[in-house]
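Residue numbers (my numbering): -2 to 217. Glycine included, every Cβ here is placed at the ideal spot set by N, Cα and C.
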Ligand SMILES: [Zn+2]
């Protein structure tokens, strides 16, 4: 499957799953060391076609395609410039994850072992004015070791080695946020206790081939 086909499939999925509304969000994939494929601004992700996708350079300049590069492209560039292992970035406004980002609470505790394994600790990045350099700067303190980010009063970003890797992290993030919200109808969710979390860390690499980064400490 071509990179364009795969990126369009992910665009259709984020819209179908209501992770974005109207023209919101943007998705991208690294083509090579000089080009990035990205969705155009002002178009609904659910209606995008392969020919709508843009190619931009690492300074955010349009090099191929018809349309406008979103000001949020800066978020994507901040990831690609700092993480050589990452080839795709998904930015959406999913309702439940964004709700946790809006109360200022975020999702700082380890609740679900599979979410810990797939996303690690999810940082809450400080609110920043759209289109300014504040936006990419808000993820910089965490970009080296995080896989999913909540943007305060805004939305979420997930990243991956592949387009599907980045997309499924967004799906997992929103599912976790929704489940925690449901749990609060019944009571209060419990965190995984620290000794069990350490057990999870120790088997992660051996069993799942995942190296968890302990620089980003969970809260209990
Ligand atoms: Zn946004």
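According to DSSP, which residues form a beta bridge with residue 146?
-> Note: residue 146 sits in a beta bridge opposite 154.
Given 8 Å as the limit, is there contact between the stretch 89 to 101 and the stretch 162 to 175, that is, 3 or more CB pairs closer than that?
-> yes
Confirm the yes/no value for this check: CB of residue 130, any heavy atom of ligand 1, distance under 7 Å.
-> no
Given residue 57 as reference, the closest of 32, 190, 195 once Cα atoms are compared | Among 32, 190, 195, the Cα nearest to that of residue 57 is on 32.
Take residue 155 and list the residues in its own chain whose beta-carbon comes closer than 7 Å to its own, dropping the five residues that flank it on each side.
-> So the qualifying residues of the chain are 87, 144, 145, 163, 166, 167, 170.
In angstroms, rounded to a whole number, what distance separates the CA positions of residue 136 and residue 121?
-> 9 Å
Residue 57 beta carbon near ligand 1 (any heavy atom closer than 7 Å) = no
Using a threshold of 8 Å, state whether the C-beta atoms of residue 92 and residue 185 are closer than that.
-> no
To the nearest angstrom, how far is it from the Cα of residue 102 to the Cα of residue 140?
-> The C-alpha of residue 102 lies about 20 Å from the C-alpha of residue 140.
Is it buried or exposed for residue 190, if we count other Cβ within 10 angstroms and need 16 for buried?
-> exposed
List the residues that DSSP assigns as beta-bridge partners of residue 51.
-> The secondary-structure analysis by DSSP pairs residue 51 across a beta bridge with 35.
Within this structure, are the beta carbons of residue 34 and residue 80 separated by less than 8 Å?
-> no
Return yes when the C-beta of residue 90 is under 7 Å from any heavy atom of ligand 1, and no when it is not.
-> For ligand 1, at least one heavy atom lies less than 7 Å from the Cβ of residue 90.
Same chain only: Cβ atoms within 8 Å of residue 150, ignoring 5 sequence neighbours per side | 98, 99, 124
To which residues of the same chain is residue 75 closer than 7 Å at the C-beta, ignoring the five residues directly before and after it?
-> 133, 136, 137, 140
Please confirm whether any heavy atom of ligand 2 lies closer than 7 Å to the CB of residue 157.
-> Absence of ligand 2 from the depicted structure is noted, with ligand 1 being the only ligands included.
Report yes if the CB atom of residue 71 is closer than 8 Å to the CB atom of residue 38, and no otherwise.
-> no
Output yes or no for whether 8 Å exceeds the beta carbon distance between residue 69 and residue 61.
-> No.
Buried or exposed: which applies to residue 203, given that a residue is buried once 16 or more other Cβ atoms fall within 10 Å of its Cβ?
-> exposed
Where does residue 24 sit, in a helix, a strand or coil, going by DSSP?
-> strand
Does at least one heavy atom of ligand 1 sit under 7 Å from the Cβ of residue 168?
-> no
So, is residue 195 buried or exposed, given that buried needs 16 or more other C-beta atoms within 10 angstroms?
-> exposed
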